[in-house]
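Below is one structure, written out as structure tokens; comments come after it.
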Amino acid sequence: MNLEAQKIITFLSLGLSVALAGAGGWLYKELYSVKHALSMSPASTSEGSVGRSVAAEKEKLSEVVKEQTAMKRQLWTTLQAKYKNAVCQVFSQITEFNWTEPYKTPNQTEAAGSAFFINDGEMITNAHVV
Numbered sequence: 003m004n005l006e007a008q009k010i011i012t013f014l015s016l017g018l019s020v021a022l023a024g025a026g027g028w029l030y031k032e033l034y035s036v037k038h039a040l041s042m043s044p045a046s047t048s049e050g051s052v053g054r055s056v057a058a059e060k061e062k063l064s065e066v067v068k069e070q071t072a073m074k075r076q077l078w079t080t081l082q083a084k085y086k087n088a089v090c091q092v093f094s095q096i097t098e099f100n101w102t103e104p105y106k107t108p109n110q111t112e113a114a115g116s117a118f119f120i121n122d123g124e125m126i127t128n129a130h131v132v
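So for the sequence shown, our numbering puts the first residue at 3; every next one is plus one.
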């Protein structure tokens with residue numbers, strides 16, 4: 003085997019090793035962040051009474067929100083008048099048309115986030131929601 007072929011094989015194996023190490027590091031980070039988030043939930047804190055009181059408050063708040071669920075066919079202005087200065091949850095279904103390949107099925111994604119009513123039926127939210 004000549005020297006040039008050995009250099010190519012060495013660089014390819016080095017690049018593959020770096021890519022595998024990076025993928026392993028990313029996977030570890032993702033798994034650790036999920037495990038860490040689950041271990042930090044209020045119900046699992048060492049101060050049991052604090053965790054229970056936070057859980058009880060969340061339950062009270064969720065009951066209130068369930069009672070104020072909006073109907074699909076209500077107008078925004080009606081909702082805004084009813085829930086002034088309210089925080090609401092927004093669910094978006096996004097369809098992206100590909101103009102270079104119009105015969106393909108459009109890409110569809112979903113997004114979710116919070117929004118605030120700011121005036122007559124208008125809401126403000128972050129870009130990742132829409």
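Even for Gly, the Cβ is constructed at its ideal location relative to N, Cα and C.
The structure presented is a predicted model; accordingly, all values stated were derived computationally and were not measured.
*asked:* Assuming Phe99 is part of the beta strand (DSSP E), what are its boundary residues?
replied: Counted from its first residue, the sequence shown places residue 99 at position 97. From DSSP, Phe99 is part of no beta strand (DSSP E); its letter is neither H nor E.
Reduced DSSP secondary structure (H/G/I, E/B, other) of Ser46 = Position 44 of the sequence shown, counted from the first residue, corresponds to residue 46. Low confidence applies to Ser46: its pLDDT is 46, below 50, so where it sits in the model is not reliable, and the reading given next is rough at best. In this structure, Ser46 counts as helix in the three-state DSSP scheme.
The segment 117 to 126 touching the segment 85 to 101, judged by at least three CB pairs closer than 8 Å = Contact annotation: the segment 117 to 126 touches the segment 85 to 101, with at least three C-beta pairs closer than 8 Å.
**Prompt:** When you compare only the Cα positions, how much space is there between Ala7 and Lys106?
**Reply:** For the purposes of this step, residue 7 is taken as residue 5 along the sequence shown, with counting starting at 1. For the purposes of this step, residue 106 is taken as residue 104 along the sequence shown, with counting starting at 1. For Ala7 and Lys106, the gap between their C-alpha atoms comes out near 42 Å.
Practice item. Kindly indicate the opening and closing residues of the beta strand (DSSP E) around Ala114. Key: To locate residue 114, count along the sequence shown from 1; it is residue 112. Annotation for Ala114: the continuous beta strand (DSSP E) segment containing it runs 109 to 121.
Note to self: Alpha carbons only, please: which of His130, Ala113, Lys84 is nearest the one belonging to Phe93?
What the structure shows: Against the sequence shown, residue 93 aligns to sequence position 91. Measuring from the Cα of Phe93, the nearest candidate turns out to be Ala113.
Residues sharing a beta bridge with Ile126, DSSP: For this step, residue 126 is matched to residue 124 along the sequence shown. Answer by DSSP bridge pairing, in chain order: Phe118.
Do you know offhand how far Ile11's Cα is from Leu33's? Counting from one through the sequence shown, the residue named residue 11 turns up at place 9. Counting from one through the sequence shown, the residue named residue 33 turns up at place 31. Taking the straight line from one Cα to the other gives about 33 Å.
Taking the DSSP output, what are the residues bridged to Gln91?
The residue given as residue 91 occupies position 89 in the sequence shown. In DSSP, Gln91 forms a bridge with Ser116.
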